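Engineer: Per this note's numbering, the sequence shown runs over residues 7 to 305. All residues carry an ideal CB built from backbone N, CA and C; glycine is no exception. None of the values given here were measured: they were computed from a predicted structure. Would you mind keeping the following structure in view while I ask a few things?
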Amino acid sequence: MTETTQRSRQGVLFAIAAYTMWGIAPVYFKALESVPAIEIVSHRIIWSFVLVLALILLLRRGGRLKPVLQNRKHMLRLTVATFLLGGNWFLFIWAINNDHILDASLGYYINPLLNVAIGMAFFAERMRRLQLVAIGLAFTGVFIQVVSFGSVPWVALILAGSFAIYGAIRKRLPIDSITGLWLETVILLPIVLVYMLFFAQSDNVNMLDNSWQINSLLVAAGVVTTAPLLCFTAAAQRIRYSTLGFFQYIGPSLMFILAVWVYHEPLASDKLVTFGIIWAALALYSFDSLVHQHRSKRA
């Protein structure tokens with residue numbers, strides 16, 4: 007097995023793990039429904055900072071921090087990516103705890119097709135005709151919802167766009183997943199500490215007043231955040247960005263199942279039409295990918 011093949015297989019496994027964990031994440035955040043979204047995000051950042059720092063010390067990777075910190079261009083790009091990620095985290099949690107899991111699911115169904123478009127635009131990845139048709143079909147689905155139903159799926163579009171751009175920036179940065187994630191938490195940590203110390207006013211701010219169940223869930227935010235994101239960044243660095251998009255069907259599919267059959271969110275006609283067109287676009291893209299892989303093996 008060549009090194010390239012081995013890295014590609016590792017990337018596939020990392021991608022499957024990442025999107026499965028993201029797909030079932032609503033169950034975790036629903037358990038914290040009583041805590042404001044901004045405070046949950048703050049705990050994600052604080053406990054991720056602690057957990058990833060422990061990993062860096064355990065794996066003796068502290069030496070990788072200095073070259074990144076000394077490179078202003080890399081730090082600037084990482085900062086932009088970090089704020090995109092922080093906004094994505096907040097909106098995702100807000101959507102779950104305000105019964106918009108279907109919107110989050112739609113956003114992450116759109117995301118793979120945005121990855122394909124970004125791969126073509128910024129990474130010189132050549133797209134085949136059916137892939138371009140699939141992208142066009144996805145945009146048509148959103149356009150129909152806006153024009154025919156007068157509703158803009160803003161939650162879905164912001165979630166899809168912010169995470170697609172974040173992933174593209176991280177792919178271009180020569181920073182390993184653990185180092186990158188810890189620096190992201192470092193960038194956001196001062197902001198959330200100021201918020202938690204001086205502005206947060208919910209009943210859950212003081213952890214000494216919380217039940218052990220709530221505190222356990224809040225501390226677990228570090229694992230819930232770190233594990234899938236490390237897998238994602240590791241996958242993005244090992245396989246083509248357009249290929250990575252294929253595995254993103256796992257996450258939104260699990261979210262859709264949870265939204266409709268577990269949390270009983272209403273599947274309104276505007277969402278149903280948009281979902282149907284996006285599913286058709288993804289089916290077309292998947293069919294084209296399978297045909298291309300089959301032809302490549304025969305060649």
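In this structure, does DSSP put F205 in helix, strand or coil?
Structural biologist: The residue given as residue 205 occupies position 199 in the sequence shown. Looking at F205 - three-state DSSP - the assignment turns out to be coil, as it is neither helix nor strand.
Engineer: Tell me whether A240 is buried or exposed, calling it buried when 16 or more other Cβ atoms sit within 10 Å of its Cβ.
Structural biologist: By one-based count along the sequence shown, residue 240 stands at place 234. Looking at its Cβ environment, which holds 16 or more other Cβ atoms inside 10 Å, A240 is buried.
Engineer: Going by DSSP in three states, A226 sits in which element: helix, strand or coil?
Structural biologist: Along the sequence shown, one-based indexing puts residue 226 at 220. Coil.
Engineer: In angstroms, rounded to a whole number, what distance separates the CA positions of Q254 and S14?
Structural biologist: Your numbering for residue 254 matches position 248 in the sequence shown. Your numbering for residue 14 matches position 8 in the sequence shown. Rounded to the nearest angstrom, the two C-alpha atoms are 16 Å apart.
Engineer: Can you give the beta carbon distance from L260 to V266, rounded, assuming they're within the 8 Å contact cut?
Structural biologist: Within the sequence shown, the letter at position 254 stands for residue 260. Within the sequence shown, the letter at position 260 stands for residue 266. Not confirmed; about 11 Å, so no contact.
Engineer: Cβ of A166 within 8 Å of Cβ of N103?
Structural biologist: In the sequence shown, counting from the first residue as 1, residue 166 sits at position 160. In the sequence shown, counting from the first residue as 1, residue 103 sits at position 97. No. Outside cutoff.
Engineer: Which residue marks the beginning of the alpha helix (DSSP H) containing Q314, and which one marks its end?
Structural biologist: No information on residue 314 is available, as it lies outside the stretch 7 to 305 that the chain covers here.
Engineer: Please state whether the Cβ-Cβ distance between W53 and G228 is less than 8 Å.
Structural biologist: As a working mapping, residue 53 is identified with position 47 in the sequence shown. As a working mapping, residue 228 is identified with position 222 in the sequence shown. Result yes, Cβ atoms of W53 and G228 sit closer than 8 Å.
Engineer: Taking the alpha helix (DSSP H) that W53 belongs to, which residues open and close that run?
Structural biologist: In the sequence shown, residue 53 corresponds to position 47, counting from 1. Segment A43 to L65, the alpha helix (DSSP H) holding W53.
Engineer: For the candidate residues A23, I99, D182 and Q207, whose alpha-carbon lies nearest to that of P73?
Structural biologist: The residue labelled residue 73 in the question sits at position 67 within the sequence shown. The residue with the shortest Cα to Cα distance from P73 is D182.
Engineer: The alpha helix (DSSP H) that contains L260, what's its start and end?
Structural biologist: Counting from 1 along the sequence shown, the entry for residue 260 is found at position 254. Residues I256 to I263.
Engineer: Determine the DSSP secondary structure at R244, reduced to helix, strand or coil.
Structural biologist: Indexing the sequence shown from 1 puts residue 244 at position 238. Coil, per DSSP.
Engineer: Among F20, R246 and L108, which residue has its Cα nearest to the Cα of L163?
Structural biologist: Along the sequence shown, read from residue 1 onward, the residue named residue 163 stands at position 157. Answer by Cα proximity: L108.
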